[in-house]
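To start, the structure under review is shown below, and the notes come after it.
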Amino acid sequence: MQTTLAQYNETQSTDAFTLQNSKLLKVSLAGKTIQAKLGSMVAYQGDVTFEHAGAGGMGRMLKKAVTGEGQSLMKVTGTGEVFLADSAQDVHLVYLEGEKITVNGPNLLAFDADIDWDIERVQGASGAMGGGLYNTSLRGTGWVAILSDGPPVLLNVAGAPTFADAQAAITWSQDVTTSLKTDFKVKNLIGRGSGETIQMAFKGEGWVLVQPSEGRVEAGPTNGSGGGLGNLLGG
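In terms of numbering that gives the first Met the number 0, the sequence shown opens at residue 0 and continues consecutively.
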């Protein structure tokens, strides 16, 4: 039999996190533990265990309940290889070395279990305008896998005043500060404006990653393996 399937052979790498392709993350566990978006497993080989990760403390559980921010996570541990994906979105890897990044919750795919996470209000978000703007912060040393709905653009915040839609700005580095830029005018309220009445402003020494989308609508559980695992783990 002649096929062209060899081009899809498993990627070989000594890194714990590696891209099988632009839409599929391969994680080599080797006895370690990671946390991943609930239902993101598409395949695995070896002796691997999945369990609901919970919020990791009462404080974070309350923040998740109040803000609606933060993914439902699963702990993945064992010896083997796990392949993770979400709706064929693009996957990007960031390696932290004692650093912090901020991530839009739905765009977080997986991270090393040694990395600490929390839910934080976006700087500059307060009152009725910004009360719902919360994101997930991650700090420590290890890999973080981030999703984007299409190929993103990496903007150097120090280069020029930088603004983005709150759902399109999916992650930014620790030395970047944020604020809200509002543009409420009568024409915006009667449907003649652009609709982009609130933008996030970024400044500092660092970067922001912006996807070409305002985010996907979350699908409900399906009969597939992802939805089934999510139900099994109580997601």
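Even for Gly, the Cβ is constructed at its ideal location relative to N, Cα and C.
Check: Need the endpoints of the beta strand (DSSP E) that residue 28 sits in, please.; Outcome: That residue, residue 28, is in no beta strand (DSSP E); it is neither H nor E in DSSP.
Check: Give every residue of the same chain whose Cβ lies closer than 7 Å to the Cβ of residue 93, excluding the five residues on either side of it in the sequence, and list them in chain order.; Outcome: 100, 143 and 145
Check: If we count the other Cβ atoms within 10 Å of its Cβ and call it buried at 16 or more, is residue 97 buried or exposed?; Outcome: exposed
Check: So, helix, strand or coil for residue 95, using DSSP?; Outcome: strand
Check: Going by DSSP in three states, residue 47 sits in which element: helix, strand or coil?; Outcome: strand
Check: Taking the alpha-carbon positions, what's the residue 138 to residue 95 distance?; Outcome: 8 Å
Check: State yes or no: is the C-beta of residue 25 within less than 8 Å of the C-beta of residue 110?; Outcome: no
Check: Do residue 151 and residue 209 have their beta-carbon atoms positioned less than 8 Å apart in this structure?; Outcome: yes
Check: Span of the beta strand (DSSP E) holding residue 22?; Outcome: No beta strand (DSSP E) contains residue 22, which DSSP labels as neither H nor E.
Check: Would you grab the beta carbon distance between residue 207 and residue 157 for me? Rounded to a whole angstrom, and I think it's under 8 Å.; Outcome: So it is not a contact: roughly 11 Å between Cβ atoms.
Check: So, are the CB atoms of residue 84 and residue 39 less than 8 Å apart?; Outcome: yes
Check: Give the range of the beta strand (DSSP E) segment to which residue 140 is assigned.; Outcome: 133-147
Check: What is the rounded straight-line gap between the Cα of residue 80 and the Cα of residue 32?; Outcome: 12 Å
Check: Going by the DSSP bridge assignment, what does residue 178 pair with across the sheet?; Outcome: 200
Check: Beta-carbon within less than 8 Å of residue 19's beta-carbon, same chain only, minus the 5 sequence neighbours each way: which residues are those?; Outcome: 9, 10, 25 and 82
Check: Where residue 166 and residue 34 are concerned, what is the direct C-alpha to C-alpha distance, given to the nearest angstrom?; Outcome: 23 Å
Check: So is residue 45 buried or exposed if we call it buried at 16+ other beta carbons inside 10 Å?; Outcome: exposed
Check: Tell me which residues share the same chain as residue 173 and place their Cβ nearer than 6 Å to its Cβ, disregarding the 5 neighbours each side in the sequence.; Outcome: 98 and 99
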